[in-house]
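**Q** Sending over a structure as structure tokens; questions will come in a sec.
Protein chains: 2
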Amino acid sequence: MDGINRGRKRAVRSVEENYDLIAGADLLHRTLDRCIAFKKRPEPGYSHGPDENARLKRMYVGHAPVRGCSFEELEHEIGRVLDNSFNFSSPNFMGFPDAGNGVAALSGALVEAFAQQNLNNSTFSARAATFVEVATVCWLRRLAQFPEMAEMKSVLDVGGVAVTGGTMANLYGILMARKRFDPTVAKDGLRHDKKAKILIPGGLTHYSVVGAAAVSGLGSNAVIPVPTRDFRYDPKELDRVLRNCTASDEYPICVVINAGDSRTLSVEKIDSVIDLVKEHAPDAWIHIDACHGGQLLFSKERRSRLHGIERADSISLDPHKVLSVPYNCSYFLVRNPSEFVGFWTSSTLVMDDPWSLGQLTPGIGSKSFASLKLYLQIKKLGLDGMASLVDRRCKLAEQFFHQVDADSAFETLLSTPDINSVPFVYVGCAGSTLSPDEVSEINRVIYGRMSEIGKFYFHGFPLKNDSRKFGSEPQDKIFCLRFMSGNPEITPQMLEEGLEHIKKIGREVTGVSNRYYAESLDNHHCEEAQRS
Amino acid sequence: MDGINRGRKRAVRSVEENYDLIAGADLLHRTLDRCIAFKKRPEPGYSHGPDENARLKRMYVGHAPVRGCSFEELEHEIGRVLDNSFNFSSPNFMGFPDAGNGVAALSGALVEAFAQQNLNNSTFSARAATFVEVATVCWLRRLAQFPEMAEMKSVLDVGGVAVTGGTMANLYGILMARKRFDPTVAKDGLRHDKKAKILIPGGLTHYSVVGAAAVSGLGSNAVIPVPTRDFRYDPKELDRVLRNCTASDEYPICVVINAGDSRTLSVEKIDSVIDLVKEHAPDAWIHIDACHGGQLLFSKERRSRLHGIERADSISLDPHKVLSVPYNCSYFLVRNPSEFVGFWTSSTLVMDDPWSLGQLTPGIGSKSFASLKLYLQIKKLGLDGMASLVDRRCKLAEQFFHQVDADSAFETLLSTPDINSVPFVYVGCAGSTLSPDEVSEINRVIYGRMSEIGKFYFHGFPLKNDSRKFGSEPQDKIFCLRFMSGNPEITPQMLEEGLEHIKKIGREVTGVSNRYYAESLDNHHCEEAQRS
Chain C
1121 MDGINRGRKR AVRSVEENYD LIAGADLLHR TLDRCIAFKK RPEPGYSHGP DENARLKRMY
1181 VGHAPVRGCS FEELEHEIGR VLDNSFNFSS PNFMGFPDAG NGVAALSGAL VEAFAQQNLN
1241 NSTFSARAAT FVEVATVCWL RRLAQFPEMA EMKSVLDVGG VAVTGGTMAN LYGILMARKR
1301 FDPTVAKDGL RHDKKAKILI PGGLTHYSVV GAAAVSGLGS NAVIPVPTRD FRYDPKELDR
1361 VLRNCTASDE YPICVVINAG DSRTLSVEKI DSVIDLVKEH APDAWIHIDA CHGGQLLFSK
1421 ERRSRLHGIE RADSISLDPH KVLSVPYNCS YFLVRNPSEF VGFWTSSTLV MDDPWSLGQL
1481 TPGIGSKSFA SLKLYLQIKK LGLDGMASLV DRRCKLAEQF FHQVDADSAF ETLLSTPDIN
1541 SVPFVYVGCA GSTLSPDEVS EINRVIYGRM SEIGKFYFHG FPLKNDSRKF GSEPQDKIFC
1601 LRFMSGNPEI TPQMLEEGLE HIKKIGREVT GVSNRYYAES LDNHHCEEAQ RS
Chain Z
1121 MDGINRGRKR AVRSVEENYD LIAGADLLHR TLDRCIAFKK RPEPGYSHGP DENARLKRMY
1181 VGHAPVRGCS FEELEHEIGR VLDNSFNFSS PNFMGFPDAG NGVAALSGAL VEAFAQQNLN
1241 NSTFSARAAT FVEVATVCWL RRLAQFPEMA EMKSVLDVGG VAVTGGTMAN LYGILMARKR
1301 FDPTVAKDGL RHDKKAKILI PGGLTHYSVV GAAAVSGLGS NAVIPVPTRD FRYDPKELDR
1361 VLRNCTASDE YPICVVINAG DSRTLSVEKI DSVIDLVKEH APDAWIHIDA CHGGQLLFSK
1421 ERRSRLHGIE RADSISLDPH KVLSVPYNCS YFLVRNPSEF VGFWTSSTLV MDDPWSLGQL
1481 TPGIGSKSFA SLKLYLQIKK LGLDGMASLV DRRCKLAEQF FHQVDADSAF ETLLSTPDIN
1541 SVPFVYVGCA GSTLSPDEVS EINRVIYGRM SEIGKFYFHG FPLKNDSRKF GSEPQDKIFC
1601 LRFMSGNPEI TPQMLEEGLE HIKKIGREVT GVSNRYYAES LDNHHCEEAQ RS
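Quick note, the sequences are listed as chains C and Z, same order. The working numbering runs 1120 ahead of the 1-based position in the first sequence. The working numbering runs 1120 ahead of the 1-based position in the second sequence.
Printed below as a string of structure tokens:
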């Protein structure tokens, strides 16, 4: 037998083996165990030295293998991937919205992958899946107090759909606004006889909204960033911008409201903003980005923070960021289900079916059974348990906030956390005498050092200085650290240890290397400095 | 203890239990076993009577539970979902592109769900994941013979990215074309000083392309469907349309080429179409939808059918439709990586990182570790095994084609299958004397009956009559049945049994109820009729 034939036979055997689910079951079960063990690792897996990316690039990027490998070798490969991954479930990982850790949701992810349903069609590729998704949409609509549908005869009566992410849901919001403004746009394309504008809380809206303006053909210049205060629209400024628009030939086709911006998770005063919009631009589409804030829909104690959400035209929700559901699982809801008529395209190949959820989803073709993750999570916990899940993370954030607030080495950048994000800065003993640039430099250095050490993780990024601390101007940005409590493995003890860790780094950084800080220190009596 | 407190305590316990991955491991392992058992079921799970959707709606749609449930009850729920799902892995399921059955790919899906990496950022949410995805892009680029990058310093040197689906990849193609035509469109919005047109093979392009035109603001009327022949561009017509465009003030900003349309999987004569486009519209963006045809990149025997693909500006690929990889896993490649500059938006929250793959992905925010499924599949099989995987399904389709072609009770609608789709119709003994309407009615009835019986599944849909059979005009459509060989459980024996099943239904249908057919029968001696 010559080499080519031998190679071909080996390849055929390899394909047979890879299709043998009974023989492969061992690998799959062991992989599952590895995944669980990965999530239980104490370390955040965060060791990001300056050469880390170069190392990983060398490790992974190269030619594809010509010959295959055994399942044992594949397991080794999987182990190596996990060894070089971030573990959002480490008790020391406090910087990301969610760890996707619900067992019920994870079991849904298994079924999603294996059942391979495609919700584009209910007659040959998704039976239960179609109605499981419809059920979750109905549950979310009810929580948002959107009108209940008497009888649903097709997907056009459902009023919402699962999507791949909050970014997609926000794109849908903009596309809906564009359609209301210009009903024939999907066919005829954009006409610029009027200037369509999208109002956002400046510097606080998720990047996807500006991106959506670009994708939609309106252009990012169509976005008007309205000045803010305390991480919400400044009502006077919003009023001014709305008046300016109507006085000129511009029309605010959409006003975006944050129920939890992605940095501070501050929730807008929804009702009063909608009142203002209705007064000046009654036809403007009101889109609420509740990707983070949507979790409060489940909380009895905190639901009132979303008062007015039921007046929105559309809402983005992100269970995969806030309800312990793994990627991907997001939703787009519209108050009036018939807005979906003509929203997307059609196909006699797959969508010639009243229950094709694919009729509702621009940019998404094959539509996986992502909603099962949320469905099973809610079945497992019930609404009572979901409330408890949300309240628990909010309480943990409140606890962290109070610890930071009570510690003179730190300064908080929120007056109070609305949900579960706590942006803060280390100031040592310099307190509020530091300038925005000084605070930023110190905390940027701390962030870098924390990353090198790799023991704890808090997020770090520039934050619009809406809290007006450090004698700053509205346009200043402050590089801050951020605690988030979406990882259920975080314990109160870890809050203490995490803060101590930052203080230790802070003392090293400020005591030794920071010129701004050294000057500040001269003028202060400081316990922190003495300890360093 | 009062009822409310009791309820609250129960809810807290329920949340604790759902977060306990060690206690939950049993459920997860049992769910995995259930999933494997589901895929090994002999039945396609296809029993779609007229009241099926009403039944499922009643089963699933209702109020969310207030109280949670035990893991045992959750397992029951999971079992019920699987009992009411289509099984693409049944040996009798022959109508869908893929069953997503690769063990290596499925193990990747497990890691994707549990590791919860987010490739939007390489410094705190995706380490290995970032470079695994880059590796897969490089492999695919090399197979497509796109230029190899000497050194990659950031994602802007990579030249491709994993996306959520082929629909998204096709949207990217249109957005790239729009950007080339109007470089400031992302900022300034669309200007209509020239009329931008998108050329497609009429009636054959995936619905997502027309949808993309609508989303982009160009409008679906910007799409020019060019007449086709034999499921490809009619070169004379393409030439005429291109000349007409340049003679008027219209500009073909994009020409879409199918490497495997979604119905017949016919592969365009890529090289000659590109020659024609370059002659008349050298700046037009050439986008190749290779969601189905991309699998041929791996085949040594069939790779030549894609000759010219390396001249495309961009390519859509769908491993989750053609490489036994479960949802979601698709790719968008551009020949010149720097085309990604300015393609999407930025964010200091997550994308302030040269290795943020999120810089390349409009409409996608949090970016899951979907590429691991393809990575592990290629590692397991090697390029040799991947070739074998693809050739195997192509051979099975060829075998089916010859069986259908040799059987006078059927008529094929392709001259030869380019990949693994075989559209065909039952004609009994009436042969080609039937009119397009008659053939359509017979096969539509057969499709409905097959669905009711639920034993076998072939896809059924109206097909543009490019084969010019049944004395038809180009504008006629024929409702046909379709065999696809993407499910690895299909055996040669099942091909026989499936065809016998259709013939049996066909004889019942035509012998008893069909008026067109009854007339045709009068004029024919027919073995089929005698048997019925």
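Note that the Cβ used here is the ideal one computed from N, Cα and C, for glycine as well. This structure is a prediction, so every number in the text was calculated from the model and none was measured.
Can you check whether the CB of Ile1142(C) is closer than 7 Å to the CB of Ala1264(C)?
**A** Against the first sequence, residue 1264(C) aligns to sequence position 144. Against the first sequence, residue 1142(C) aligns to sequence position 22. No; because the gap between Cβ atoms is not below 7 Å, this pair is not in contact.
**Q** Apply the 10 Å Cβ neighbour rule to Arg1360(C) and answer buried if 16 or more other Cβ atoms are within range, or exposed otherwise.
**A** By 1-based counting over the first sequence, the position of residue 1360(C) is 240. It counts as exposed.
**Q** Rounding to the nearest angstrom, what Cα-Cα distance links Pro1321(C) and Ile1373(C) in this structure?
**A** Here residue 1321(C) is taken as the residue at index 201 of the first sequence, counted from 1. Here residue 1373(C) is taken as the residue at index 253 of the first sequence, counted from 1. Looking at the two C-alpha atoms, the distance is approximately 15 Å.
**Q** Let me know the alpha helix (DSSP H) ranges lying completely inside the stretch 1224 to 1273 of chain C, each 4 residues or longer, listed in chain order.
**A** Secondary structure remark: continuous alpha helix (DSSP H) runs of at least 4 residues inside the stretch 1224 to 1273 of chain C, in chain order: 1248 to 1263.
**Q** Give the single residue among Glu1195(Z), Asn1240(Z), His1183(Z) whose Cα lies nearest to the Cα of Thr1256(C).
**A** Within the first sequence, numbered from 1, the residue matching residue 1256(C) stands at position 136. Selected option, being the one with the closest Cα: His1183(Z).
**Q** DSSP three-state call for Lys1317(C): helix, strand or coil?
**A** By one-based count along the first sequence, residue 1317(C) stands at place 197. Lys1317(C): strand per DSSP, three-state reduction.
**Q** Between which residues of its own chain and Leu1260(Z) is the CB-CB distance below 7 Å, once the five residues before and five after are set aside?
**A** Here residue 1260(Z) refers to the residue found at position 140 when the second sequence is read from its first residue. Result list for Leu1260(Z): Gly1280, Leu1437, Tyr1451, Leu1453, in chain order.
**Q** Counting only runs of 4+ residues fully inside the stretch 1587 to 1632 of chain Z, write out the alpha helix (DSSP H) ranges in chain order.
**A** 1612 to 1628
**Q** Once you ignore the five residues that flank Ser1592(Z) on each side, which residues in its own chain have a CB closer than 6 Å to its CB?
**A** One-based indexing of the second sequence puts residue 1592(Z) at position 472. Around Ser1592(Z): Pro1556, Asn1585.
**Q** Reducing DSSP to helix, strand and coil, say where Asp1409(Z) ends up.
**A** Reading the second sequence from its first residue, position 289 is the one you call residue 1409(Z). It is a strand residue.
**Q** Which whole-angstrom value is the C-beta distance of Cys1258(Z) and Val1181(C), which I expect to be below 8 Å?
**A** As a first step, residue 1258(Z) is located in the second sequence; it is residue number 138 there, counting from the start. As a first step, residue 1181(C) is located in the first sequence; it is residue number 61 there, counting from the start. With a Cβ gap of about 6 Å, Cys1258(Z) and Val1181(C) count as contacting.
**Q** Contact criterion: CB-CB distance below 7 Å. Does Asn1634(C) meet it with respect to chain Z?
**A** Here the question's residue 1634(C) lines up with position 514 in the first sequence. Per-residue confidence for Asn1634(C) stands at a pLDDT of 48, beneath the threshold of 50, marking its modelled position as unreliable; the derived number appears in the next sentence. No - not a single Cβ of chain Z is within 7 Å of the one on Asn1634(C).
**Q** Taking 7 Å as the CB-CB cut-off, is Ala1248(Z) touching chain C?
**A** The sequence position of residue 1248(Z) within the second sequence is 128, counting from 1. By this cut-off, Ala1248(Z) is an interface position.
**Q** If you draw a straight line from the alpha carbon of Asn1634(Z) to that of Pro1439(C), how long is it in whole angstroms?
**A** Numbered from 1 along the second sequence, position 514 holds the residue referred to as residue 1634(Z). Numbered from 1 along the first sequence, position 319 holds the residue referred to as residue 1439(C). Annotation note: pLDDT 48 at Asn1634(Z) (below 50); position unreliable, coordinate value reported separately. For Asn1634(Z) and Pro1439(C), the distance between alpha carbons rounds to 51 Å.
**Q** Find the nearest neighbour of Leu1533(Z) within the set Arg1588(Z), Val1278(Z), Trp1405(Z), judged by alpha-carbon distance.
**A** Here residue 1533(Z) corresponds to residue number 413 of the second sequence, with the count starting at 1. With distances taken between CA atoms, Leu1533(Z) lies nearest to Arg1588(Z) out of Arg1588(Z), Val1278(Z), Trp1405(Z).
**Q** Where do the N-terminal and C-terminal ends of the beta strand (DSSP E) with Asn1378(C) fall, by residue?
**A** Taking the first sequence and counting its residues from 1, the one referred to as residue 1378(C) is at position 258. That run of the beta strand (DSSP E) goes 1370 to 1378.
**Q** Thinking Val1470(Z) and Gly1483(Z) are a contact (beta carbons under 8 Å), I'd like their distance in whole angstroms, please.
**A** Here residue 1470(Z) refers to the residue found at position 350 of the second sequence. Here residue 1483(Z) refers to the residue found at position 363 of the second sequence. No, Val1470(Z) and Gly1483(Z) are not in contact; Cβ-Cβ is about 15 Å, not under 8 Å.
**Q** If we require 4 or more residues per run, which alpha helix (DSSP H) segments fall completely within the stretch 1150 to 1180 of chain C?
**A** Fully enclosed alpha helix (DSSP H) runs of 4 or longer: 1172 to 1180.
**Q** Answer with yes or no whether the minimum CB distance from Ser1434(C) to chain Z is below 7 Å.
**A** Residue mapping note: residue 1434(C) aligns to position 314 of the first sequence, counting from 1. No, no contact with chain Z.
**Q** In the structure shown, what three-state DSSP assignment does Thr1532(C) receive?
**A** As a first step, residue 1532(C) is located in the first sequence; it is residue number 412 there, counting from the start. In the structure shown, Thr1532(C) falls within a strand segment according to DSSP collapsed to helix, strand and coil.
**Q** Could you tell me which of Leu1338(Z), Leu1310(Z), Asp1308(Z) sits nearest to Ile1318(Z), measuring between CA atoms?
**A** Here residue 1318(Z) refers to the residue found at position 198 of the second sequence. Residue Leu1338(Z) is the option with its Cα nearest to Ile1318(Z).
**Q** Counting only the same chain and skipping the five closest in sequence on each side, list residues whose C-beta sits under 8 Å from that of Tyr1636(Z).
**A** Taking the first residue of the second sequence as position 1, residue 1636(Z) is located at position 516. The predicted position of Tyr1636(Z) is uncertain, since its pLDDT is 47 and thus under 50; a value taken from the coordinates is nonetheless stated next. Counting only Cβ-Cβ distances below 8 Å, and skipping sequence neighbours, we find Leu1554, Ser1555, Asp1557, Glu1558, Glu1561, Ile1562.
**Q** In three-state terms, what does DSSP make of Ser1582(Z)?
**A** The residue labelled residue 1582(Z) in the question sits at position 462 within the second sequence. With the sequence shown as reference, residue 1582(Z) is identified as Pro, and Ser is not the correct amino acid for it. DSSP places Pro1582(Z) in strand when its eight states are reduced to three.
**Q** Mind listing the chain C neighbours of Ser1508(Z)? Cutoff is C-beta to C-beta under 8 Å, in chain order.
**A** Position 388 of the second sequence holds residue 1508(Z). Neighbours of Ser1508(Z) on chain C, chain order: Arg1128, Ala1131, Val1132, Ser1134, Val1135.
**Q** Is there at least one Cβ from chain Z nearer than 7 Å to Trp1464(C)'s Cβ?
**A** Counting from one through the first sequence, the residue named residue 1464(C) turns up at place 344. Yes, Trp1464(C) counts as interfacial toward chain Z.
**Q** Pairing CB atoms from the stretch 1146 to 1160 of chain C with CB atoms from the stretch 1217 to 1230 of chain Z, are three or more of them under 8 Å?
**A** yes
**Q** Distance check for Glu1531(C) and Asp1642(C), CA to CA, integer angstroms please.
**A** Locating residue 1642(C) in the first sequence gives position 522, where the first residue counts as 1. Locating residue 1531(C) in the first sequence gives position 411, where the first residue counts as 1. Residue confidence is low: Asp1642(C) scores 45 on pLDDT, short of 50, so the model does not pin down where it sits. No coordinate-derived value is stated.
**Q** Specify the secondary structure class of Ser1148(C) as computed by DSSP and reduced to three states.
**A** Position 28 of the first sequence, counting from 1, holds the residue named residue 1148(C). Note that residue 1148(C) is Leu in the sequence shown here, rather than Ser. If DSSP states are grouped into helix, strand and coil, Leu1148(C) belongs with the helices.
**Q** Smallest Cα separation from Met1296(Z): which of Phe1208(Z), Asp1433(Z), Ala1550(Z), Pro1164(Z)?
**A** By one-based count along the second sequence, residue 1296(Z) stands at place 176. For Met1296(Z), the nearest C-alpha among the options comes from Asp1433(Z).
**Q** Since Ile1373(Z) meets chain C, which of its residues come closer than 7 Å, beta carbon to beta carbon?
**A** Taking the second sequence and counting its residues from 1, one reaches residue 1373(Z) at position 253. Those do not exist, as Ile1373(Z) stays about 12 Å from chain C at its closest Cβ, beyond 7 Å.
**Q** Buried or exposed for Ile1294(C), please, with buried defined as at least 16 other CB atoms from any protein chain shown within 10 angstroms of its CB.
**A** In the first sequence, the residue the question calls residue 1294(C) occupies position 174. Its Cβ being crowded by 16 or more others within 10 Å, Ile1294(C) is buried.
**Q** Could you list which residues in chain Z have their beta carbon closer than 7 Å to that of His1149(C), in chain order?
**A** Numbered from its first residue, the first sequence carries residue 1149(C) at position 29. Ordered by position in chain Z, the residues that pass the 7 Å Cβ test against His1149(C) are His1149, Leu1152.
**Q** From which residue to which residue does the alpha helix (DSSP H) around Ala1526(Z) run?
**A** Residue 1526(Z) sits at position 406 when you count from the first residue of the second sequence. First-last of the alpha helix (DSSP H) with Ala1526(Z): 1491 to 1526.
**Q** Should Leu1338(Z) be listed as close to the ligand SAH, given that the test is whether its C-beta is under 6 Å from any heavy atom?
**A** By its list of ligands, the structure shown contains no ligand whatsoever, and the ligand SAH lies outside what it can speak to.
**Q** On a CA-only basis, which of Arg1187(C), Ala1219(C), Arg1363(C) is nearest Glu1609(C)? Give me that one, please.
**A** Position 489 of the first sequence, counted from the first residue, corresponds to residue 1609(C). Ranking the options by Cα distance to Glu1609(C), first place goes to Ala1219(C).
**Q** Can you round the beta-carbon distance between Phe1590(C) and Ser1552(C) to whole angstroms, since I take them to be within the 8 Å contact cut?
**A** Taking the first residue of the first sequence as 1, we reach residue 1590(C) at position 470. Taking the first residue of the first sequence as 1, we reach residue 1552(C) at position 432. Contact flag correct, Cβ pair sits at about 6 Å.
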